[in-house]
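Engineer: Dropping the structure in here first, questions after.
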Amino acid sequence: MLEMAYNETIGQTAQAWADKCQFSHSKVNGLGENIYWSTKEGISNTEALNKAFGFWWNEAVTIGIPENLVVDANNFEPIGHFTQMAWHSTTDIGCGVAKCQDAQWKLFVVCNYWPPGNVLGQTIYGPGDTCSACEPGWACDFGRRGLCVRQNQ
1 MLEMAYNETI GQTAQAWADK CQFSHSKVNG LGENIYWSTK EGISNTEALN KAFGFWWNEA
61 VTIGIPENLV VDANNFEPIG HFTQMAWHST TDIGCGVAKC QDAQWKLFVV CNYWPPGNVL
121 GQTIYGPGDT CSACEPGWAC DFGRRGLCVR QNQ
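Sequential numbering from 1 applies to the sequence shown in UniProt numbering.
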């Protein structure tokens with residue numbers, strides 16, 4: 001599994017959409033996207049991101065991951081946020097947090113992913129031994145929980 005890195009450019013795209021305080025997907029071409037909102041006020045951006053990540057990841061806990069690990073029309077909607085976070089080929093993430101004064105929700109979190117995941121008929125990730133699928137340009141780093149990391153970092 002590839003390690004994901006924070007990408008400032010993608011983060012700026014996510015922030016621009018979050019600042020609009022619209023609870024809908026931006027439909028930015030070439031990026032995956034998760035959105036989260038809350039009516040809770042007075043929390044930090046870090047806490048907002050932690051809540052969003054927890055909410056999205058919890059889809060796998062409450063609904064479950066398909067045994068065959070394949071995204072299909074039946075599981076895309078209920079676990080789509082989780083699968084985008086865990087997608088095997090996604091390498092970059094960028095997020096934005098906005099405090100919205102005039103909207104029904106007060107907090108809006110947007111995270112964009114590149115390359116996008118959630119491709120119907122493809123697997124979320126491949127089972128296997130630690131670092132067994134590191135591609136050229138990537139190396140195993142056992143210190144980072146056995147993820148494949150970019151060699152130029």
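Cβ coordinates follow ideal geometry from the N, Cα and C atoms, glycine included.
By how many angstroms is the C-alpha of V109 removed from the C-alpha of A98?
Structural biologist: Each residue's alpha carbon lies about 7 Å from the other.
Engineer: Extract the residue ranges of the beta strand (DSSP E) inside the UniProt domain "SCP" (1-121), only unbroken runs of 3 or more that lie entirely within it.
Structural biologist: Taking only runs of at least 3 residues, the beta strand (DSSP E) segments lying wholly in the UniProt domain "SCP" (1-121) are 32-38, 92-99 and 107-114.
Engineer: Would the beta-carbon of Y113 be found less than 6 Å away from any heavy atom of the ligand NAP?
Structural biologist: Inclusion of the ligand NAP in the displayed structure is not the case, the ligand content being empty and no account of it being possible.
Engineer: For A60 and N75, what's the separation of their Cα atoms in angstroms?
Structural biologist: 11 Å
Engineer: According to DSSP, what are the bridge partners of A139?
Structural biologist: V149
Engineer: Using three-state DSSP, classify T130 as helix, strand or coil.
Structural biologist: coil
Engineer: Below 8 Å, can you find three or more Cβ-Cβ pairs linking the segment 19-29 to the segment 44-54?
Structural biologist: no
Engineer: Can the beta-carbon of T83 be found less than 7 Å from the beta-carbon of N29?
Structural biologist: no
Engineer: Could you tell me whether the Cβ atoms of H88 and N34 are closer together than 7 Å?
Structural biologist: no
Engineer: Within this structure, are the beta carbons of A133 and Q151 separated by less than 7 Å?
Structural biologist: no
Engineer: Near N7, what residues of its chain come up, given a Cβ to Cβ distance below 8 Å and the 5 sequence neighbours on each side ignored?
Structural biologist: D92, I93, G94 and W114
Engineer: What does the alpha-carbon distance come out to for the pair L107 and E41?
Structural biologist: Separation of L107 and E41 (C-alpha to C-alpha, rounded to the nearest whole angstrom) is 7 Å.
Engineer: Exposed or buried, which one is V71 when buried takes at least 16 other CB atoms within 10 Å?
Structural biologist: Classified as buried, V71 has 16 or more neighbouring CB atoms from the shown chains inside 10 Å of its CB.
Engineer: Name the residue from T39, A16 and T123 whose alpha carbon lies nearest to the alpha carbon of D102.
Structural biologist: T39
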